[in-house]
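Here is the structure we will look at, set down as structure tokens.
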Amino acid sequence: MAIIDNGIYVDGVRTSNPTTLDETYELMRHRGGVGWIGLYRPSETEIRSVAQEFGLHELAVDDALAGHQRAKLERYGDTLFVVLRPARYLDPLEEVEFGELHVFVGPNFVVTIRHAESPDLGAVRRRLEADPAMLARGPEAILYAILDEVVDEYMPVLAGLENDIDEIEGQLFVEEADVTQRIYELAREVIDFQRATQPLAAMLEALLRGSEKYAVDVELQRHLRDVLDHVLRVSERSASFRSILDNALTVESTIVARRQNEEMRRMTELSVHQNEEVKKISSWAAILFAPTVVAGIYGMNFTAMPELEWVFGYPMAVGLMLAMAGGLYLVFKRRGWL
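So in numbering that gives the first Met the number 0, spot 278 of the sequence shown is number 277, and the numbers just go up one at a time.
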């Protein structure tokens with residue numbers, strides 16, 4: 000069901016639990032108080048119903064229907080439209096999952112439209128219902144609690160990203176490790192995280208600037224400033240992650256280039272060594288080939304060969320072979336091939 004939880008609160012106390020939108024509208028008209036309608040991936044019909052009942056601006060409704068909005072805060076008359084990008088860290092996958100939450104805040108109502116598992120709005124509702132004094136401060140108190148929950152859920156994400164970055168830093172100087180792709184993946188997650196969190200500071204500052212104009216409770220302003228402090232810390236840490244990953248990528252590129260240079264040097268040395276061996280083999284082959292030629296010629300035993308009957312024919316052939324072999328040896332030795 001799209002309707003996760005509906006409640007009508009009078010002086011910070013929950014007075015009814017309507018199960019349908021029409022019942023919620025009817026009870027709000029009769030009992031007054033503040034209505035908080037919690038929707039999860041509602042249909043267009045349900046969003047149009049809420050929009051018609053509370054007079055929501057068409058542009059905000061279109062954004063809620065289209066989804067995939069950036070984090071932002073917009074005011075249409077006496078209604079606030081807030082888009083938040085909650086996030087959670089998935090330990091088994093070592094990934095950050097981003098969601099989307101739309102919040103309409105009016106004089107006597109809050110409508111939350113959640114498109115992902117986070118944030119845990121049930122926990123927000125229970126926390127507020129346990130603190131009637133805070134809930135009695137009106138719809139702005141509900142918006143504060145939602146903002147606080149979204150920002151609190153960023154903390155485990157920061158811890159997960161920090162752990163991943165620590166693992167990468169530990170693998171940078173491991174010979175067989177190739178972490179370039181992982182650095183790029185983490186950098187993309189950090190950039191997405193920054194896109195989700197950076198607009199929050201400006202949004203909270205805008206809420207605080209309008210506090211006097213819209214008579215926001217002083218204690219609630221203090222709570223909003225506390226959330227703003229947390230947001231600034233989140234932004235600072237995510238920015239430091241970006242810097243660390245940029246440095247890690249530079250170091251990894253340097254290490255990869257060094258490894259490639261070392262590999263090229265080893266290949267060059269191997270090639271030079273192989274060339275030297277080829278020279279030696281070729282030299283000895285030439286030295287052995289020269290006597291073989293002489294031996295082959297005089298081994299043909301043709302009758303007309305005059306040296307066959309010559310008494311000095313054998314010494315001459317052996318001497319010729321030794322002279323040719325020795326001459327080639329000296330030539331190759333002088334050239335450094337042997």
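Glycine included, C-beta positions come from ideal geometry on N, C-alpha and C. Remember, predicted model here, so these are calculated numbers, not experimental data.
Taking the CB atoms as reference points, tell me whether Y39 and A59 lie closer together than 8 Å.
-> The residue you call residue 39 lines up with position 40 of the sequence shown. The residue you call residue 59 lines up with position 60 of the sequence shown. Not a contact, by the Cβ cut-off of 8 Å.
For H56, does the three-state DSSP call read helix, strand or coil?
-> Within the sequence shown, the letter at position 57 stands for residue 56. Taken through DSSP and simplified to helix, strand or coil, H56 comes out as coil.
Which residue's Cα is closest to the Cα of L72: D191, E218, A195, G318?
-> As a working mapping, residue 72 is identified with position 73 in the sequence shown. Ranking D191, E218, A195, G318 by Cα distance to L72 puts A195 first.
Whose CA, out of A294, T111, R87, lies closest to the CA of D191?
-> Translated into positions along the sequence shown, residue 191 becomes position 192. Considering only alpha carbons, the answer is R87.
Since T23 and I36 are thought to touch, with beta carbons under 8 Å apart, how far apart are those beta carbons, to the nearest angstrom?
-> Here residue 23 is taken as the residue at index 24 of the sequence shown, counted from 1. Here residue 36 is taken as the residue at index 37 of the sequence shown, counted from 1. Rounded, the Cβ-Cβ distance is 6 Å, consistent with contact.
Runs of beta strand (DSSP E) lying entirely within the region 72 to 123, each at least 3 residues, in chain order = 78 to 83, 86 to 89, 94 to 97, 100 to 104, 108 to 113
With distances taken from CA atoms, which of Q51, V95, V178 is nearest I254?
-> Against the sequence shown, residue 254 aligns to sequence position 255. Relative to the Cα of I254, the nearest Cα in the group Q51, V95, V178 belongs to V178.
Exposure of H67, with buried meaning 16 or more beta-carbon neighbours within 10 Å | Here the question's residue 67 lines up with position 68 in the sequence shown. By the 10 Å Cβ count, H67 comes out exposed.
Cα-Cα separation between N162 and E251, rounded to whole angstroms = Locating residue 162 in the sequence shown gives position 163, counting from the first residue. Locating residue 251 in the sequence shown gives position 252, counting from the first residue. Each residue's alpha carbon lies about 18 Å from the other.
Can you give the beta carbon distance from L146 to V95, rounded, assuming they're within the 8 Å contact cut?
-> If you number the sequence shown from 1, residue 146 lands on position 147. If you number the sequence shown from 1, residue 95 lands on position 96. About 19 Å; that fails the 8 Å criterion.
Who are L329's beta bridge partners in DSSP?
-> Mapped onto the sequence shown, residue 329 falls at position 330. Answer is none; L329 lacks a bridge partner.
Kindly indicate which three-state DSSP category N343 falls into: helix, strand or coil?
-> Within the shown structure, residues of the chain are numbered from 0 to 337, placing residue 343 beyond reach of any answer.
Rounded C-beta distance between L327 and I286? I'm assuming under 8 Å.
-> Counting from one through the sequence shown, the residue named residue 327 turns up at place 328. Counting from one through the sequence shown, the residue named residue 286 turns up at place 287. Confirmed, Cβ separation roughly 5 Å.
Note down the Cα distance separating E148 from P118, rounded to an integer number of angstroms.
-> Position 149 of the sequence shown, counted from the start, is the residue given in the question as residue 148. Position 119 of the sequence shown, counted from the start, is the residue given in the question as residue 118. CA-to-CA, the gap between E148 and P118 works out to about 7 Å.
Secondary structure of V215, DSSP reduced to three states = Start at 1 with the first residue of the sequence shown, and residue 215 comes out as number 216. DSSP places V215 in coil when its eight states are reduced to three.
Touching by the beta-carbon criterion (3+ pairs, under 8 Å), the region 111 to 128 and the region 197 to 217 | no
Return the residue from the list G11, I2, E168, S15 that minimises the CA-CA distance to S48.
-> Residue mapping note: residue 48 aligns to position 49 of the sequence shown, counting from 1. Comparing Cα-Cα distances from S48 to each of G11, I2, E168, S15, the minimum goes to I2.
Given a cut-off of 8 Å, decide if L64 and E43 are closer than it, judged by their beta-carbon atoms.
-> Here residue 43 is taken as the residue at index 44 of the sequence shown, counted from 1. Here residue 64 is taken as the residue at index 65 of the sequence shown, counted from 1. Yes, the pair counts as a contact, with Cβ atoms nearer than the cut-off.
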